[in-house]
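Below you'll find the structure, written out as structure tokens, and then a few comments.
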Amino acid sequence: MGESARTPAAPAWPDKLITQAEAFAKAADWPVYAMPAPAAGIDLLCGRCHRSTGQLRRGAVPYNGSLDEMLAMVLRHMVMAHEVPLNTRAPAGDGSFRERIREASNG
Ligand SMILES: [Zn+2]
Numbered sequence: 049m050g051e052s053a054r055t056p057a058a059p060a061w062p063d064k065l066i067t068q069a070e071a072f073a074k075a076a077d078w079p080v081y082a083m084p085a086p087a088a089g090i091d092l093l094c095g096r097c098h099r100s101t102g103q104l105r106r107g108a109v110p111y112n113g114s115l116d117e118m119l120a121m122v123l124r125h126m127v128m129a130h131e132v133p134l135n136t137r138a139p140a141g142d143g144s145f146r147e148r149i150r151e152a153s154n155g
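In this note's numbering, each number is its position in the sequence shown, counted from 1, plus 48.
Have a look at this one:
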């Protein structure tokens, strides 16, 4: 197995704030792309501001190599750079998309 590394201060997943499924749904709407970085690295960049959300590879060393770490990188950037709120669970009956789907299927 190859060498790997994690972001040193990677926090635990904030389950109480947002589940990984909710986070995935949120991040899936956010444009990101991977680009070669200096010294054979690979950065994951934000498609809106084109700044780096973090490193996927530093030289020959895979970085942030799991899906939840990639997700955390994107979400952290969304929050820190674009002030996207994470805690946006919609209460029932508020006209949210899910609620509208429910209404459409009932009527
Ligand atoms: Zn950005």
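Built from N, CA and C at the ideal position, the CB exists for glycine as well.
Neighbourhood of residue 49 by C-beta distance below 7 Å, restricted to the same chain and skipping five residues each side: Since pLDDT at residue 49 reaches only 44, below the 50 mark, its modelled position is unreliable, and the value read off the structure follows with that caveat. Here the set comprises nothing.
Reduced DSSP category for residue 129 - H, G, I as helix; E, B as strand; rest coil: Residue 129: helix per DSSP, three-state reduction.
Beta-carbon proximity check, residue 101 vs residue 83, cutoff 9 Å: By the CB criterion at 9 Å, residue 101 and residue 83 fall outside the cutoff.
Unbroken alpha helix (DSSP H) run spanning residue 108, endpoints: For residue 108, no alpha helix (DSSP H) run applies, since DSSP gives it neither H nor E.
Lining residues of ligand 1 - beta-carbon closer than 5 Å to any non-hydrogen atom, in sequence order: In chain order, the hits are 94, 96, 97 and 129.
Boundaries (first-last residue) of the alpha helix (DSSP H) holding residue 75: Taken as a continuous stretch (DSSP letters only), the alpha helix (DSSP H) holding residue 75 covers 68-75.
Rounded separation between residue 182 and residue 88 - CA only: Missing from the structure shown is residue 182; the chain here goes from 49 to 155 and no further.
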